[in-house]
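Let me begin by presenting the structure, written as structure tokens, before commenting on it.
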């Protein structure tokens, strides 16, 4: 079921399946979110929980037991409940079930709030440990932004001038290989060749904002103060680019798969609440 929120500037549509943002349009009819054509990638903006990326052998060890989890976890495939809805805001909630406990032995509640304010969409994640033991998790966003025309007309403007070095993926896992990126004046021109080895993984950035530009004109800005890691991704010839704020990332091939030692993993005490958010600001004049 699709839920629509709106204000005087923007309209956003969110599917209760995965609480996934499917559309973000301004009053001029500009669409900012990728349409989800399965020819390239059949998603729009999935929520990544309780892991980000791929686990080695799609499994992890916790308290001596082996659990299986597929890439990016299960939240994107779960039906969320709409727990609150106003004209410009909607709240989506999902909680642990017998099915999730078989692959992820933690009693959790995940709430996602989408709020429109002027030309900005704010997305807030709240994770609550409802259990009696420490809870381990990662969470991330995966919004794909629609790009019309030539891919090479676009560039990414980073908030700060910094040396950009990305970790590369091999077979879905973070490798020890890195790649310096050819940016100048904090601007990275887009080219499909950047993504020949899958996504670009940034374990650390000075910037907390990235602006997508078309022929030098600002189009949309993603701000992610609460997320220390970032992924950037597309596939060959696809008319989109993903800007992905993350808490955590895929396993390294050398991992021993012990969940508590996973890079980027968060720990919540019983009853503790984790809150983080990011925003999408539309800039087309």
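Numbering (our numbering), first residue to last: 99 to 383.
Think of the CB as a built atom: it goes at the ideal place given N, C-alpha and C, for glycine as much as any other residue.
Can you confirm whether the region 282 to 294 touches the region 328 to 336 when touching is taken to mean that 3 or more C-beta pairs between the two stretches lie within less than 8 Å?
The region 328 to 336 is in contact with the region 282 to 294.
Less than 8 Å between the C-beta atoms of residue 177 and residue 143, yes or no?
Their beta carbons are not under 8 Å apart, which means residue 177 does not touch residue 143 by this criterion.
Can you give the Cα-Cα distance for residue 197 and residue 242, rounded to whole angstroms?
Their backbone Cα atoms lie some 29 Å apart in a straight line.
Starting from the N-terminal side, write out each stretch of the alpha helix (DSSP H) that is 4 residues or longer and does not extend beyond the region 147 to 187.
Here no run is fully enclosed.
Which residue from 371, 377, 378, 379 puts its Cα closest to that of residue 224?
When each option's Cα is compared against that of residue 224, the closest is 371.
So, helix, strand or coil for residue 316, using DSSP?
In the structure shown, residue 316 sits in a strand (DSSP, three-state: E or B).
By the three-class DSSP mapping on this structure, what secondary structure does residue 145 have?
Strand, per DSSP.
In this structure, does DSSP put residue 251 in helix, strand or coil?
In this structure, residue 251 counts as helix in the three-state DSSP scheme.
Please list the terminal residues of the continuous beta strand (DSSP E) segment that includes residue 124.
That run of the beta strand (DSSP E) goes 118 to 124.
Taking the alpha helix (DSSP H) that residue 198 falls in, what are its first and last residues?
Where residue 198 is concerned, the enclosing alpha helix (DSSP H) stretches over 196 to 201.
Beta-carbon within less than 6 Å of residue 313's beta-carbon, same chain only, minus the 5 sequence neighbours each way: which residues are those?
Here the set comprises 251.
How close, in whole Å, do the beta carbons of residue 378 and residue 320 come, if the pair is a contact with beta carbons under 8 Å?
Contact flag correct, Cβ pair sits at about 6 Å.
Per the contact definition of three or more C-beta pairs closer than 8 Å, is the region 225 to 232 in contact with the region 163 to 179?
Short answer: they don't touch.
Here's the rule I'm using: 16 or more other beta-carbon atoms within 10 Å means buried, otherwise exposed. How should residue 148 be labelled?
By the neighbour-count rule (16 or more Cβ atoms within 10 Å), residue 148 is buried.
Touch check for the region 151 to 165 and the region 355 to 373: three-plus C-beta pairs under 8 Å?
A contact exists between the region 151 to 165 and the region 355 to 373.
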